[in-house]
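Visitor: Let me begin by handing over the structure; questions about it come next.
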Amino acid sequence: MIFSYLDAQFDKISDQINLPEDQLKLVFCLLFSYPAGFVFKRIQNPTIRHAVNIFLGLFYIYLIFREHLLHLVNLAIINYVLLKVVKRNASKLSMILSMAYLLCVHFWVYMYYFGHWRIDITASLMIAVCKFTSFSMNYKDGGKDKEKLSEHQYQNRIVELPSIFEYVSYIFFYASVLVGPYVEYKAFDDFMNKRGHYAHKYRLFLASLAYLMSAFGFIFALLKFAPHFPAHYMITTEFASESLLYKLVYINISMLAVRMKYYGGWSFGNSIITACGFNYNPNGKNFFKKYGKYVNVKPIEFEISNFREKSEAWNCSCQYWLKHYVYFRICSAE
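Put into structure tokens, the structure is as follows:
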């Protein structure tokens, strides 16, 4: 079987370069997705685009997580059945069931893998939960009059329930299924069918390359500085005896090195979603707005901005989801 062969190769390489096998697989999938994006962008037929997209998404998840792929499949089936049965009133049930399922998986990881740095299904599951819940809310909006919707709700409303084929394609969107970012279904549907500004051809190579090079830069910085400023040193008696100034400098450098790990992984995600053509915003006035509509992180803004802006610059798509689908919807008792 092909996956057994790939496992053997990854295991061999893992021993040679001293990198855990799960991390090596993740790096492989991210690196493969970058050139694949330029090919995917040139596929014109929507059905073929969906088929290739589903294949890559399922391939990545199974390669890294094996049978834990079933968590995503189970939730996808549950949520789609809710949409078919309860129809436009499925949003509350979708939120409750999806969050409860995610909580159970997090608890399972905590019980069996606490204290171990390993890649698990929860990252992909969290992205999927954002999609499940936002989709059901936008589908509910599709049955409302325009006057009852905000501009954001009207732009992202889903008037007709798509086929299970299109729904699964959205959940397993290969460019975001591993490290994000979360994307709206309406934008995804326009992208897959080449509608709106996606019908035009844009040169995205330099923009995607900029994200890719920044990812390599962050990883290089991680490998360069992290070994010299390990976080575990801060809980030792030696660290406690150091001066206050030394502690402050050490903590800031050590935490910056930790953030480099996230900057690197998320920047890979930014490069992939830009390479395939999804991330282009024709109304953007500068680089970050033109090629940063859907991104995971904005490192420069996070490092130099105030606390409020930091929260928006970190895990950006999750912050977007919390703002539009939790705060504006649930907290406002809409």
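Take 184 as the starting number for the sequence shown in the working numbering and just add one per residue. Here a beta-carbon is modelled for each residue, glycine too, at the ideal position from N, C-alpha and C.
1) Flag this pair as yes or no: are the beta carbons of Ala358 and Cys459 separated by less than 7 Å?
2) Please look up how many angstroms separate the CB atoms of Tyr368 and Ile341, rounded, as I've assumed it's under 8 Å.
3) According to the neighbour-count rule (16 or more other Cβ atoms, all chains shown, within 10 Å of its Cβ), is Cys287 buried or exposed?
4) State the CB to CB distance for the pair Leu344 and Tyr322, rounded to an integer number of angstroms; the pair is presumed to be in contact (CB under 8 Å).
5) Rounded to a whole number of angstroms, what is the C-alpha to C-alpha distance between Met438 and Leu258?
6) Run through the segment 269 to 356 for me and flag every whole alpha helix (DSSP H) of 4 or more residues, listed as ranges in chain order.
7) Please list the terminal residues of the continuous alpha helix (DSSP H) segment that includes Tyr433.
8) Using a threshold of 7 Å, state whether the C-beta atoms of Phe422 and Tyr416 are closer than that.
9) Taking 8 Å as the threshold, find out whether the segment 441 to 460 comes into contact with the segment 380 to 395 through three or more Cβ pairs.
10) With a cut-off of 8 Å on the beta carbons, I'd call Asp373 and Tyr381 a contact; round off their distance for me.
11) If you draw a straight line from the alpha carbon of Gly354 to that of Phe315, how long is it in whole angstroms?
12) Determine contact between the segment 429 to 436 and the segment 467 to 484, defined as no fewer than three beta-carbon pairs at a distance below 8 Å.
13) Would you kindly work out how many angstroms separate the C-alpha atoms of Leu255 and Tyr245, rounded to a whole number?
14) Helix or strand or just coil, what does DSSP make of Glu517?
15) Gln227 to Gly447, Cα distance in whole Å?
16) Please report how far the alpha carbon of Met184 lies from the alpha carbon of Phe242, in whole angstroms.
17) Who are the near neighbours of Phe193 in its chain, counting only those whose CB is closer than 8 Å to its CB and skipping five residues on each side?
18) Is it right to say Ala311 is buried, meaning 16 or more other beta carbons lie within 10 angstroms of its own, or is it exposed?
19) Does DSSP classify Asn236 as helix, strand or coil?
20) Measure the alpha-carbon distance for Tyr474 versus Ser333 and round it to whole angstroms.
21) So, His233 versus Ser352, is the Cβ gap smaller than 7 Å?
22) Taking all protein chains shown into account, do 16 or more other C-beta atoms lie within 10 angstroms of the C-beta of Gln336, making it buried, or fewer, making it exposed?
23) May I have the straight-line CA-CA distance separating Ala273 from Val222, to the nearest angstrom?
24) Take Phe248 and list the residues in its own chain whose beta-carbon comes closer than 7 Å to its own, dropping the five residues that flank it on each side.
25) With 16 other CB atoms within 10 Å as the buried threshold, where does Glu517 fall?
26) Can you list, in chain order, the stretches of the alpha helix (DSSP H) that have 4 or more residues and sit fully within the segment 353 to 391?
27) Do Phe451 and Leu213 have their C-beta atoms within less than 7 Å of each other?
28) Report yes if the CB atom of Trp497 is closer than 7 Å to the CB atom of Phe511, and no otherwise.
29) Considering just the uninterrupted stretch of the alpha helix (DSSP H) at Ala219, what are its terminal residues?
Guide: Once the coordinates are examined:
1) yes
2) 6 Å
3) exposed
4) 6 Å
5) 35 Å
6) 274 to 296, 305 to 324, 334 to 339, 347 to 354
7) 427 to 458
8) yes
9) yes
10) 5 Å
11) Note that residue 354 corresponds to Ile in the displayed sequence, not to Gly. Rounded to whole angstroms, Ile354 to Phe315 spans 8 Å at the Cα level.
12) no
13) 11 Å
14) Below a pLDDT of 50, predicted positions are generally treated as unreliable, and Glu517, at 47, falls in that range; the measurement from the model is reported next regardless. Coil at Glu517, not helix or strand.
15) 31 Å
16) 13 Å
17) Glu204, Leu207, Lys208, Phe211
18) buried
19) helix
20) 25 Å
21) yes
22) buried
23) 37 Å
24) Ile304
25) Residue placement at Glu517 cannot be trusted, given a pLDDT of 47 that sits under 50; what the coordinates show is reported in the next sentence. With fewer than 16 other Cβ atoms within 10 Å, it is exposed.
26) 368 to 375
27) yes
28) no
29) 204 to 223
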